[in-house]
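Enquirer: If you count by our numbering, then the sequence shown holds residues 1 to 155, one letter each, in order.
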Amino acid sequence: MTEIDRIVQQMKLAFNGKAWHGPALQEVLANVNAAQAAAHPLANAHSVWELVLHITAWHKFVIQRLAGREVFEVNEKEDWPPVQDTSASAWKGALQELEQRHKNLCAAVARLQDADLSGKIRSVEGDHSIYVMLHGVVQHDLYHAGQIMLLRKAL
Numbered sequence: 001m002t003e004i005d006r007i008v009q010q011m012k013l014a015f016n017g018k019a020w021h022g023p024a025l026q027e028v029l030a031n032v033n034a035a036q037a038a039a040h041p042l043a044n045a046h047s048v049w050e051l052v053l054h055i056t057a058w059h060k061f062v063i064q065r066l067a068g069r070e071v072f073e074v075n076e077k078e079d080w081p082p083v084q085d086t087s088a089s090a091w092k093g094a095l096q097e098l099e100q101r102h103k104n105l106c107a108a109v110a111r112l113q114d115a116d117l118s119g120k121i122r123s124v125e126g127d128h129s130i131y132v133m134l135h136g137v138v139q140h141d142l143y144h145a146g147q148i149m150l151l152r153k154a155l
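1) Quick one: using the 10 Å Cβ neighbour count with 16 as the cut-off for buried, is H102 buried or exposed?
2) Determine the contact status of W80 and H59, defining contact as a CB-CB distance below 9 Å.
3) Out of S129, I148 and H135, which one is the CA nearest neighbour of V8?
4) Quick one: grab the DSSP three-state call for K120.
5) Check this for me: beta carbons of F61 and E76, under 9 Å apart or not?
6) Pair every Cβ in the segment 1 to 19 with every Cβ in the segment 108 to 118, then say whether three or more of these pairs are closer than 8 Å.
7) Relative to the C-alpha of H140, which residue among I55, H128, V28 and Q64 is closest?
8) Which stretch, first to last residue, makes up the alpha helix (DSSP H) that contains D5?
9) Determine the contact status of P82 and E50, defining contact as a CB-CB distance below 9 Å.
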C-alpha cells in the first residue's frame, strides 16, 4: 500500500465511517433534517448546514490547489457560504454536493504519486506540502464532525 493509498483511506474513514475514533462526518449527519440543519442552537456558533457548506467549499479549494491553482485568497462568503434556501430539497442537495466533492477529492488524491506529497502548495495561509494539506483535510472534516455532534446534542 502506498502513502497515497493510506491517505485516501484516512479521508474515506473520516468521511464515510468505520474509523476507530468514533463517528465520521456522514455518520454525524445521518438523520439530520433540514430544520435541524438550519437551526442555531448555540449562540455565536455556525449551524450544521453552514458547517456542511464550509466543508464542501474546502474540499473544492483543495481540489483546485491539487490542480495547480496557486495562491488565492478565500473570502468570507467563499469560506462560509450562506444558506440561501432551508427547504428539505435544498438540504438534500447540500448533502449530495458534499458527498460528490468528497468523491472528487479522493479521486484527485488517488491520481497522485507518493513523490508528489513533498510538493509545495503556496497559499495566503502559508506555504506547506501537499502531504500536510491532505492530512489537514482529514483533520478539518473531523474537527467539524465534532462540532456537528455538539450541535445535534444542543437541538
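We put the CB at the ideal spot given by N, CA and C, even for glycine.
Expert: In short:
1) buried
2) no
3) H135
4) Strand.
5) no
6) yes
7) Answer by Cα proximity: I55.
8) Membership of D5 in the alpha helix (DSSP H) is indicated by the continuous run E3 to N16.
9) Between P82 and E50, the gap from beta carbon to beta carbon is short of 9 Å.
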